[in-house]
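Protein chains in written order, with this note's numbering: chain A, 23 to 593; chain B, 55 to 143. The next block holds one structure in the form of structure tokens; read it before the comments.
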Amino acid sequence: MSNNFKGIAASNGIAIAKAYLLVDPDLSFTKTTITDVTAEQARVDDALKAASADVEIIKSRAEKNLGADEAQVFEAHLMVLSDPEMSGAFKQKIADDKVNAEQAVKEVTDMYIGMFEAMTDNAYMQERAADIRDVTKRILSHLLNVALPNPALIDEEVVLVSKDLTPSDTSQLDRQFVKGILTDLGGRTAHASIMARTLEIPAVVGSEVATQKITAGVTVIVDGLTGDVIVDPDSETLATYQQKAANYLAQRAEWALLKDQQSVSADGKNFVLGANIGSPKDMDAVLENGSEGVGLYRTEFLYMESDHLPTEDEQFVAYKAVVEKMAGKPVTVRTMDIGGDKNLSYWKLPKEENPFLGYRAIRISLDQTEIFRTQLRALLRASAYGNLWIMFPMIATLGEFRAAKKVYLEERAKLEDAGVSMGEIKLGIMIEIPAAAILADKFAKEVDFFSIGTNDLIGYTMAADRGNDKVAYLYQPYNPSILRLISNVITAAHNEGKFVAMCGEMAGDPIAVPVLMGMGLDEFSMSAPSVLQTRSLMKKLNTVDMKLLAEKALDAETNDDVIALVEAATK
Amino acid sequence: MTQSKDFHIVSETGIHARPATLLVQAASKFTSDVTLSYQGKDVNLKSIMGVMSLGVGQGADVTIKTDGDDEEAAMATIVEAMETEGLAE
């Protein structure tokens with residue numbers, strides 16, 4: 023019954039408007055045999071020249087609308103059009119095969135497109151194939167004397183629907199009229215997606231069926247937050263989405279105001295809102311969303327994205343970049359957490375029956391101390407450039423923490439002797455194994471801070487893998503058993519005057535946040551796009567009320583009971 | 055006498071898009087033949103399609119050759135482009 027479908031959410035926001043189908047003109051042709059090679063080759067030259075003239079115009083429009091950086095791609099298009107090898111190949115084909123110019127252009131460009139698309143390990147090059155298609159269409163349109171449709175002609179509010187959006191399409195988009203973008207092809211890193219985010223136009227890409235399911239003029243809802251597409255909605259759905267769109271705009275405006283503000287409850291209690299990152303590349307989002315720290319830097323990506331164990335200098339460069347960008351705000355770096363489901367291509371770990379209960383994280387670091395020492399030295403050197411904290415993952419016993427700290431102190435002493443400058447470093451542990459959560463009072467005397475990793479803590483406490491559909495129901499973050507463990511950790515830390523953070527998904531979960539505020543958690547670290555939303559939520563909540571809520575939640579019986587308590591308390 | 059020089063690509067994105075564009079622009083200013091070699095394949099450095107088809111990534115070792123009347127000036131310009139763009143060392 024439904025014509026609704028889903029694609030990849032590529033640019034935030036909700037658009038509701040009539041569909042404008044950006045369909046290609048008919049660029050089909052027949053392969054013919056020609057006799058006048060020179061004349062046919064001249065047709066190619068003319069078409070290339072005319073296509074270049076088009077792209078020059080598009081480029082200058084793009085420079086005006088989007089800025090020089092975004093117009094760069096057209097510089098590449100111009101170079102493709104003036105590529106001596108490519109035009110040589112067109113002419114060679116005409117001379118050798120005695121085919122018409124259209125056929126020669128198609129065969130040669132298909133060869134290049136195939137070559138780029140075959141680079142399956144390189145998403146960037148695969149998407150450059152779209153650029154060549156764009157250029158080819160333009161050459162063919164001139165050979166065939168047909169006009170390409172022009173998005174600049176749109177003069178009413180529309181959702182633009184197309185197979186794929188080429189850079190020359192997006193550069194001509196007028197934000198006043200194009201309210202949403204919907205495509206069959208592409209991913210989050212495709213041109214259409216990047217342009218949509220730059221222009222702040224809600225977009226859903228990679229839907230596969232958009233151009234088949236949608237006819238021109240029908241009303242379409244594009245939900246760029248979820249990837250949902252609703253075609254010809256009934257009045258009730260329409261009203262729901264109009265409300266959602268309004269809420270989103272209001273929220274975005276409200277959140278944007280909070281970017282440079284502190285994270286503070288309605289009764290004036292301060293919290294720290296941090297962001298989780300996997301690489302220095304994530305820092306733009308961290309800063310754009312007003313994070314007050316990096317609560318979790320997952321260093322294993324340095325190991326996983328490399329083809330060798332990252333050297334001390336390679337690691338140092340990455341760590342330094344992050345602490346410098348945070349300009350004095352704390353950056354908590356978790357030492358390598360390899361094992362479990364995270365493997366390295368170049369260093370095979372022994373196969374295990376239960377990798378999540380096996381050789382993993384600090385257990386590897388304490389066994390392969392050279393790898394651990396290399397990482398610690400890189401961290402110690404980077405600490406001179408900002409406010410760096412180190413935490414060890416998967417600590418189960420005090421003995422493990424003491425052993426890790428000993429290695430750390432040894433490396434620190436060596437660097438000190440060598441005259442290397444270093445910053446003060448806080449040393450903490452991840453709380454993700456129930457054993458450490460239960461014994462938190464003892465740990466609290468020795469560590470500088472805790473960071474609760476809820477994903478693993480819940481998994482290990484419930485003895486359930488949430489990736490397994492059959493037992494996923496056991497992933498219950500609000501189960502009072504989990505809350506009691508967390509509460510125990512927070513109380514233990516505060517009794518010793520120590521700092522407690524949380525860096526699992528729970529930290530940005532609107533159901534968990536009120537309870538955690540009531541328990542007195544110090545830092546909440548989450549994916550960067552959740553930071554402003556959480557700051558906004560905190561502002562509305564009073565810690566005195568949340569303390570009462572937390573007490574009730576700790577005394578509740580089930581996960582659902584806690585959800586009900588939170589909903590009642592935050593209404 | 056052909057000029058030849060080896061480069062180690064350090065740019066995070068390898069030779070893609072903007073860096074490729076700049077190299078091709080630099081090479082195209084000269085009449086000499088300019089060749090880029092990577093993993094046993096040679097392409098015309100004046101051809102953007104040729105350069106991109108090599109898929110030169112970070113950490114790659116490439117060789118550039120210039121051959122013709124202005125081969126020395128061509129090589130100097132290419133070396134300069136590599137350095138100012140932080141492409142190679």
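Positions of the beta carbon are idealized from the N, C-alpha and C atoms, including for glycine. Since the model is a prediction, treat every value here as computed from it, not as a measurement.
So for residue i, helix, strand or coil by DSSP?
i, result
"A383 of chain A", "coil"
"W4 of chain A", "Only positions 23 to 593 of chain A appear in this structure, which leaves residue 4 of chain A out of reach."
"M444 of chain A", "coil"
"G89 of chain A", "coil"
"Q612 of chain A", "Outside the displayed range of chain A (23 to 593) lies residue 612 of chain A, so it cannot be described from this structure."
"E179 of chain A", "coil"
"Y368 of chain A", "coil"
"M23 of chain A", "Because M23 of chain A sits at a pLDDT of 41, beneath the cut-off of 50, its placement in the model cannot be relied upon, and the following sentence gives the value as read from the coordinates. In the structure shown, M23 of chain A sits in coil (DSSP, three-state: anything other than H, G, I, E or B)."
"S58 of chain B", "strand"
"K593 of chain A", "coil"
"G530 of chain A", "helix"
"M541 of chain A", "helix"
"A152 of chain A", "helix"
"V596 of chain A", "Residue coverage of chain A in this structure runs from 23 to 593, which leaves residue 596 of chain A outside it and unanswerable."
"M413 of chain A", "strand"
"V227 of chain A", "strand"
"L449 of chain A", "strand"
"I203 of chain A", "strand"
"V345 of chain A", "helix"
"S558 of chain A", "helix"
"N167 of chain A", "coil"
"G519 of chain A", "coil"
"S107 of chain B", "helix"
"S184 of chain A", "strand"
"E361 of chain A", "Going by the sequence as given, residue 361 of chain A is Gly instead of Glu. Correct three-state label for G361 of chain A: strand."
"Y497 of chain A", "coil"
"E375 of chain A", "coil"
"E77 of chain A", "Checking the sequence shown, residue 77 of chain A turns out to be Val, not Glu. Here V77 of chain A sits in helix by DSSP."
"Q234 of chain A", "helix"
"D132 of chain A", "helix"
"G312 of chain A", "coil"
"L103 of chain A", "helix"
With DSSP as the reference, identify every bridge partner of residue i, one or two as the case may be.
i, result
"A142 of chain B", "B:I63"
"V121 of chain A", "A:T55"
"Y319 of chain A", "A:I299, A:V355"
"V242 of chain A", "A:A39, A:V253"
"M524 of chain A", "A:I474, A:F546"
"T89 of chain B", "B:N98, B:K119"
"A31 of chain A", "A:V226"
"F293 of chain A", "A:S285"
Throw me the rounded Cβ distance for the residue i and residue j pair, which I believe falls under 8 Å.
i, j, result
"A466 of chain A", "K427 of chain A", "Going by Cβ atoms, the distance from A466 of chain A to K427 of chain A rounds to 14 Å, so no, they are not a contact pair."
"P499 of chain A", "T513 of chain A", "With a Cβ gap of about 19 Å, P499 of chain A and T513 of chain A do not count as contacting."
"T158 of chain A", "D186 of chain A", "Between D186 of chain A and T158 of chain A the Cβ distance is about 13 Å, and since that is not below 8 Å, they are no contact."
"W411 of chain A", "T354 of chain A", "4 Å"
"M341 of chain A", "A400 of chain A", "Per the sequence presented here, residue 341 of chain A reads as Tyr, with Met not at that position. Contact holds; Cβ gap of about 6 Å."
"A462 of chain A", "V511 of chain A", "4 Å"
"D123 of chain B", "T85 of chain B", "6 Å"
"S558 of chain A", "M524 of chain A", "That belief does not hold up - the Cβ atoms of S558 of chain A and M524 of chain A are roughly 18 Å apart, past 8 Å."
"L309 of chain A", "K347 of chain A", "7 Å"
I'd like to confirm something about residue i: is its beta-carbon nearer than 6 Å to some heavy atom of the ligand NAD, or not?
i, result
"D48 of chain A", "With respect to the ligand NAD, the structure shown offers nothing to examine, as it has no ligands at all."
The region 62 to 77 of chain A contacting the region 203 to 223 of chain A, beta-carbon criterion three pairs below 8 Å: Result no; under three Cβ-Cβ pairs closer than 8 Å.
Would you call the region 272 to 290 of chain A and the region 317 to 329 of chain A touching, i.e. three or more CB-CB distances under 8 Å? Output reads no: the region 317 to 329 of chain A does not touch the region 272 to 290 of chain A.
Three or more beta-carbon pairs under 8 Å between the region 572 to 580 of chain A and the region 545 to 553 of chain A, yes or no? The region 572 to 580 of chain A, when compared against the region 545 to 553 of chain A, does not touch it at the 8 Å Cβ threshold.
Under 8 Å: do the region 87 to 99 of chain B and the region 114 to 131 of chain A share three or more Cβ pairs, one atom per stretch? Between the region 87 to 99 of chain B and the region 114 to 131 of chain A, the count of C-beta pairs closer than 8 Å stays below three; the two stretches do not touch.
Closer than 8 Å is the cut-off here; do at least three beta carbon pairs connect the region 39 to 57 of chain A with the region 234 to 241 of chain A? Because the criterion of three Cβ pairs below 8 Å is met, the region 39 to 57 of chain A and the region 234 to 241 of chain A touch.
I'd like to know if the region 93 to 111 of chain B and the region 568 to 576 of chain A are in contact, where contact means that at least 3 CB-CB pairs between them fall below 8 Å. Judged by Cβ distances under 8 Å, the region 93 to 111 of chain B makes no contact with the region 568 to 576 of chain A, as fewer than three pairs qualify.
Taking three-plus beta-carbon pairs below 8 Å as touching, is the region 93 to 112 of chain A in contact with the region 148 to 157 of chain A? Using a C-beta cut-off of 8 Å, the region 93 to 112 of chain A makes contact with the region 148 to 157 of chain A, since at least three inter-stretch Cβ pairs fall below that distance.
Measuring CB atoms only, is the region 246 to 259 of chain A touching the region 529 to 538 of chain A, in the sense that at least three cross pairs come out at less than 8 Å? Result no; under three Cβ-Cβ pairs closer than 8 Å.
Given 8 Å as the limit, is there contact between the region 125 to 139 of chain B and the region 72 to 79 of chain B, that is, 3 or more CB pairs closer than that? A contact exists between the region 125 to 139 of chain B and the region 72 to 79 of chain B.
Say whether the region 344 to 363 of chain A touches the region 309 to 319 of chain A, bearing in mind that this needs 3 or more beta-carbon pairs closer than 8 Å, one atom from each stretch. Verdict: yes, contact present.
Should the region 113 to 127 of chain B be called in touch with the region 58 to 70 of chain B, which here means at least 3 C-beta pairs below 8 Å? Yes, the region 113 to 127 of chain B is in contact with the region 58 to 70 of chain B.
Quick one: any contact between the region 487 to 503 of chain A and the region 431 to 449 of chain A, if contact means 3 or more CB pairs under 8 Å? Segments in contact, no.
Three CB pairs or more closer than 8 Å across the region 387 to 403 of chain A and the region 415 to 434 of chain A: With the cut-off at 8 Å, the region 387 to 403 of chain A and the region 415 to 434 of chain A touch.
Between the region 131 to 138 of chain A and the region 84 to 97 of chain A, do three or more beta carbon pairs fall short of 8 Å? Remark: fewer than three beta-carbon pairs, one from each stretch, lie closer than 8 Å, so the region 131 to 138 of chain A and the region 84 to 97 of chain A are not flagged as touching.
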